[in-house]
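What follows is a short report on a single structure.
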Amino acid sequence: MSIDALVAPSNDLSDFMKDFYSCDNPLSPHWDGSGCPSVPFGGPTEPPPTAQSHERPSSGAQGRRKRRRRPRACKDAAEAETQRMTHIAVERNRRRQMNDHLAVLRSLMPGSYVQKGDQASIVGGAIDFVKGLEQHLQSLEAQKRALQASLTNNDVDSFDPPFGGFFTYPQYVWCHVPPERLASDEEPHHHREAAAVADIEVTLIEGHANLRILVRRWPRQLVRLVVGLQNVGLTVLHVNVTTSAQVVLYSFSAKVEEGCNLTSVEDIATAVHHMLTVIEEDALSQNAQF
């Protein structure tokens, strides 16, 4: 067999494959109907590139994003730094004013009221100092009343009730009530003299209650009052006691504890008046037995 005979079938097969994959053969897998193969013969069968793979943002869009972000970042940093410096300056000024006021407050008090120089000690000493001044003023009021009684040879009870300047708007009225308030109904929340056993005035500020009570003196009255206040959720922080003849003036500073059901000045005044009524009834019953 000659070499041409061996090569001929191979050439025929090669021609057949070329004709089969030509662009004119509709049976060709590369025929696209236009007469041209979509992929050259023997070339890779890769999918056509998509628009997304070749799409690139324009230089104008990149420039716009940079112009929006970079200057904004710089501006935010500058604003944050300005705000931080402003906050530091305000806080420094506030501390300076606070220290100045504390120094003045400390200078107005005797040294015995301030054992330390920290803020809590100074404020606590100021509270004690003011309470001491209040106690001293009440004592002077009682002494003046006793002096007036001795000069006129009259009983103390014939004078106007003592400590009148210490009550402004009492919830319960026993002694201190101007005649025009008794005749008018402008303040209906005030309990009139016939039903009250004491003058009671309560103020309530941010969980702290101040009570001012003028009542006739009875044995163990103060102890029972403190215990009663504790039982209703009022912890006594400070108390001043000033007596004048048969009456006594109590000034309480109390903290309203969590869970206390007394949420208004009326509630506290009503509870205190009930305590005083019970104390008076017990004292009168004991006196009647003797």
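For what it's worth, full-length UniProt numbering labels the leading residue of the sequence shown as 1, then goes sequentially. Quick reminder that beta carbons are idealized off the backbone N, C-alpha and C, glycines included.
With a cutoff of 7 angstroms on beta-carbon distance, E257 and G228 are scored as not near each other.
By a beta-carbon distance limit of 8 angstroms, W174 contacts V197. Their separation comes to about 6 angstroms. Ranked by Cα distance from H274, the first of E79, Y172, L140 is Y172. The residue from W218, T235, R216, L222 with its alpha-carbon nearest to that of N210 is T235. Burial is judged here by how many other beta carbons sit within 10 angstroms of a residue's own beta carbon; Q115 has fewer than 16 and is exposed. Assignment of beta-bridge partners to I213 by DSSP yields I200, Y250.
Going by C-alpha positions, R106 is about 43 angstroms away from E280. Excluding five sequence positions before and after G124, none of the CB atoms of its chain fall closer than 6 angstroms to its own CB. By the beta-carbon neighbour count (other beta carbons within 10 angstroms, threshold 16), Q97 is exposed. As the crow flies, the alpha-carbon of T86 is around 21 angstroms from that of D100.
Beta-carbon to beta-carbon, K255 and G207 are separated by about 7 angstroms, close enough to satisfy the 8 angstroms threshold. Distance from P162 to A142 at the Cβ level is roughly 6 angstroms; contact confirmed, criterion being Cβ atoms closer than 8 angstroms. Within the same chain, Cβ atoms closer than 7 angstroms to the Cβ of M109 are found at G125, A126, F129, the five residues on either side in sequence being excluded. Going by C-alpha positions, L102 is about 7 angstroms away from I122.
Counting C-beta atoms within 10 angstroms of its own C-beta, L284 has fewer than 16 neighbours from the protein chains shown and is therefore classed as exposed. For N240, the enclosing beta strand (DSSP E) starts and ends at 234 to 244. Under the three-state reduction of DSSP output, K144 falls in the helix class. Burial is judged here by how many other beta carbons sit within 10 angstroms of a residue's own beta carbon; D76 has fewer than 16 and is exposed. Nearest C-alpha to V241 among L204, T82, R84, Q221: Q221. Going by C-alpha positions, R145 is about 9 angstroms away from A245.
Here DSSP, grouped into helix, strand and coil, assigns K116 to coil. Spatial neighbours of P219 in its own chain (CB-CB distance under 7 angstroms, excluding positions within 5 residues in sequence) are listed in chain order as A283.
The continuous stretches of alpha helix (DSSP H) do not include S264, and DSSP gives it neither H nor E. Boundaries of the alpha helix (DSSP H) around V226: 221 to 231.
Around the beta carbon of Y250, a 10 Å sphere encloses 16 or more other beta carbons of the protein chains shown; the residue is thus reported as buried.
Per the DSSP secondary-structure output, V256 pairs in a beta bridge with L234. Taken atom to atom, the span from the alpha-carbon of Y113 to that of V248 is near 26 angstroms. Listed in chain order, the non-local C-beta contacts of T168 below 8 angstroms within the same chain comprise E201, local neighbours out to five positions each way being set aside.
As DSSP reads the structure, I205 sits in a beta bridge with H208.
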